[in-house]
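These protein sequence lines are chains A and B, in that order.
In this note's numbering, each residue's number is its place in the first sequence (first place is 1) plus 3.
Residue 35 in this note's numbering sits at position 46 of the second sequence, with consecutive numbering throughout.
Below you'll find the structure, written out as structure tokens, and then a few comments.
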Amino acid sequence: MIPKSTKTRNARNTRKTTLFGVFRVFVCFVVLQSVGSAQIFTQRGFLEGSLVGYPQEAPNDPTQLVGDFLARDEVFVAATPWLRLAAGLDFRANSHDQVDDSWAVDFTDRTVRRPRLSIRRAAATLTRGPFTLDAGKQFIRWGRADIVTPTDRFAPRDFLNVFDNELLGVTGVRAAFDTGAGTLEAVATRFTPSRPPLVDQRWAVLPPGVPPPTAPLLRTYPDAPQVGVRFNHAGSGFDWSASYFDGNNYLPNIDAAGITFPPMKMIGGDAAMPTRWVTLKGEAAYFASSSPTTDEYVLYVIQIERQTGEWVLIGGYAGEVVTNQRSTAPVTFAPDRGLTRSIVGRVSYTVDVNQSFAFEAAVHQNGDGEYGKFEYSRAYGQHWRLTLSGVGMGGHGDDFIGQYHRNSHAVALVRYSF
Amino acid sequence: MSRQVGRIGQVGRVGRVALVAFVLVVPSRKIVAQDARQIVEEAQKRSDSQSQRYEGLLQVFDAKGKVSDKRWSFERIGSYGQSKAVLRFTAPAEVKGVALLIVNHPDRASDQWMWTPAIERDRRIALQDRSTRFFGTDFSFEDLEERDVNQYDYALAGDDTVDGAACWKVQSTPKQSKSSQYTKSIVWVRKDNFAFARIENYVKTDLVRRLAYSDIRNIQGIWTARQMEMTDLRRNSRTRLTLDKLAYNVGLKDEEFTLQAIRRP
């Protein structure tokens, strides 16, 4: 719900200068590749073009056909037995103004629109015995559930398409110690927000009576580091983890004063227990906030997973218990909470080594919102993949899923991996 | 088999000296070899190594004969039921970086986790998933396990010849703690070098998968099949695994076989 023209007023938080960015790219790629020529060097990347068609116009967005292009290249170098370097660069283009015009290389992922050029990752990994230290821009995933992952607090996302979102990296330090019985990790990062939908596009649905903002809203980013610890046991029989987070929600509170990211403390855990017939998974977290206008609540997920032959079946329930209702914000964007109180499921079938089908669905327990997606994917040769999908959405306007009832769409995606 | 009843590792271990000794003590060997369990134990003993590394080419042939290639690198540390292995895809490009960590146990099924870089997450492969085909190949996750001789009961099922080599036929039945998709397996063990020549896997009375070993060479004293072909008789498809740059007793560290390590490309 943020105007695409919104610019942060906080200059410290927008490290986006062309020269600096080019320098980073130079370091990440030229140096790494030259180092890599004599060391263990791995590269992966792809070119991806997609076309999205919406049968219906949205009240704030008459566009029904959107083309998108993404080029990604990532390099990894094992410079020494104890030092590994990783770097990744994205280039994007879009027919519907979802990508910045600027050619400056972005590192922070704080732009309203997607950056045209961005550093996806740039990190060094040091290992010594049971110790691992990752420093730089990286991806940190917590949690074990597949539907909603409440404990995944270092995993902001790009929500320009709410139901086809993409993980964003975070910049910071992650230290892990392998105890033998599990891994203890401590994380400290700079704040990276999720990227909410553009206010003048169909994935931003303003409630009735709330006019679209006429001027850019002030964005205020927290200065304090985001910190967390997690113990993860992955051993014989079953896996579990316990985690604690102290920082800010990467999803915003929006009011007349602007866009803020409320303080958040989280304590949570997850478990996966394979049995002879199914795998049981659960994840839960309690969220508290020092902000007087932010709710306190519990999110939880219970799911059952079964793989039989070429079929993978996942079904479960995502729930929410609000322990302290305090929010008065007229506009919120909280897909994690919006997808709760839902029955969710996913079925996939692998036809052969090159082809697969998948169907996933989410239905709110009160029947006010439904989402279903069918996908067919096929690889051609060693490099090409075609993916066709159709997404149906329905429900009432006051439901998180139902509000997108005009956004049913079909996608054709072609990827060339190299 | 390839290190016990393992399917994708090496086959038996026989140093040159051991080979000579074997020939010299044929009479006593023959007596020992009449016992099915001892045949498999001997094969396991001869395939013993502290570690192993190879690069594998997987060629999947569907029922119409169409071929799809995948490549992986494989590293293993430890031996027999207590080993750990990491299998990492290197091609095609879209699966590059996908990694599987296998932690074998002497008394039960292995623990397995898969790392998928596209979503930056690892996932435990549950026991009931083990019969699933591994990445669309004809190998199941269970076929990637390396299991100890103690996990099976054995019975001699006669003699046979595979590719001109005389073999013992040994029937192995998983013990209850094993949790196998297979009801039983028939294993052909070559009499000349205790290398595995063929394995046929049954579900109840139906033959479902056949693994054929070929291009058996002595590498660093270990008789190793450099080509293995798994046929899924229900789908009428097959997958050929060819081992390249194979080496034993390479310098590997235990910390390279953890969930932390498989995250690193």
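Idealized CB from N, CA, C, for every residue including glycine.
Below 7 Å between beta carbons: does that hold for N238/B and Q39/B? yes
Are E189/B and R179/B touching if we call contact CB-CB under 7 Å? no
Determine the closest residue to R97/B out of P106/B, F124/B, T79/B and Q165/B, with distance taken between C-alpha atoms. Q165/B
So which of D51/B, G153/B, D111/B and Q101/B has the shortest CA-CA distance to R223/B? D51/B
What do you get for K19/B, buried or exposed, if any count of 16 or more other CB atoms within 10 angstroms of its CB means buried? Unreliable placement is indicated for K19/B, whose pLDDT of 46 sits below 50; no coordinate value is reported for it.
Out of N139/B, D149/B, V84/B and S72/B, state which residue places its alpha-carbon closest to the alpha-carbon of Y419/A. V84/B
Taking the alpha carbon of A158/A as the point to measure from, which residue in A237/A, F79/A, V173/A and S411/A has its own alpha carbon closest? V173/A
Those runs of the beta strand (DSSP E) which lie wholly inside the segment 137 to 225 of chain A and span at least 3 residues: 173 to 181 and 186 to 192
Inspect the beta-carbon positions of L248/B and I66/B and report whether they are closer than 7 Å. no
If we count Cβ pairs, one from each stretch, closer than 8 Å, do we get three or more for the segment 175 to 186 of chain A versus the segment 309 to 322 of chain A? no
When we look at the beta-carbon of P214/A and count the other beta-carbons within 10 Å, is it buried (16 or more) or exposed? exposed
If you drop the 5 nearest sequence neighbours on each side, which residues of the same chain put their C-beta closer than 7 Å to that of T296/A? N256, R329, S330, T331 and A332
Looking at the structure shown, is V80/A part of a helix, part of a strand, or coil, going by DSSP? strand
Using 7 Å as the limit for Cβ to Cβ distance, is S420/A near chain B? yes
Between the Cα of G312/A and those of F130/B, Q33/B and E44/B, spot the shortest distance and give me the residue it belongs to. F130/B
So, does the segment 40 to 54 of chain A touch the segment 70 to 88 of chain A, judging by three or more C-beta pairs under 8 Å? yes
According to DSSP, simplified to helix, strand and coil, what is N139/B? helix
Please classify F362/A: is it buried, with 16 or more other beta-carbons within 10 angstroms of its beta-carbon, or exposed? exposed
Neighbour flag for G153/B against chain A, beta carbons, 7 Å: no
Would you report the Cα separation of A288/A and S68/B, rounded to the nearest angstrom? 41 Å
Three-state secondary structure assigned by DSSP to V55/A: strand
If we define contact as Cβ-Cβ less than 7 Å, is R144/A a contact residue for chain B? yes
Output yes if chain A places a C-beta closer than 7 Å to the C-beta of K85/B; else output no. yes
Quick one: which chain A residues come within Cβ less than 7 Å of V49/B? V356
Cβ-based contacts, 9 Å cut-off: residues of the segment 213 to 242 of chain B near chain A: R224, S226, T228 and K242
Excluding five sequence neighbours on each side, which residues of the same chain lie with their C-beta closer than 6 Å to the C-beta of A10/B? With a pLDDT of 37 at A10/B, under the threshold of 50, the modelled position of this residue cannot be trusted; read the value that follows with caution. Cβ within range, chain order: n/a, list empty.
Quick check: is the beta carbon of P65/A nearer than 7 Å to any beta carbon in chain B? no
From Q141/A to F110/A, what does the alpha carbon distance come to, in whole angstroms? 11 Å
Beta strand (DSSP E) runs wholly inside the segment 163 to 218 of chain B, at least 3 long, in chain order: 173 to 179, 185 to 192 and 195 to 208
At what residues does the alpha helix (DSSP H) containing G341/A begin and finish? P338 to G341
Between which two residues does the beta strand (DSSP E) carrying I305/A extend? E299 to T311
Hey, out of W387/A, S293/A, G271/A and V69/A, whose CA is closest to V301/A's CA? G271/A
Which word fits I108/B, buried or exposed, when buried means at least 16 other C-beta atoms lie within 10 angstroms of its C-beta? exposed
Assuming F377/A and S359/A form a contact by the criterion Cβ under 8 Å, report the distance between their Cβ atoms to the nearest whole angstrom. Actually they do not touch by this definition, with Cβ atoms about 12 Å apart.
Are the segment 380 to 392 of chain A and the segment 405 to 421 of chain A touching, with three or more C-beta to C-beta distances below 8 Å? yes
In three-state DSSP terms, what is F123/B? helix
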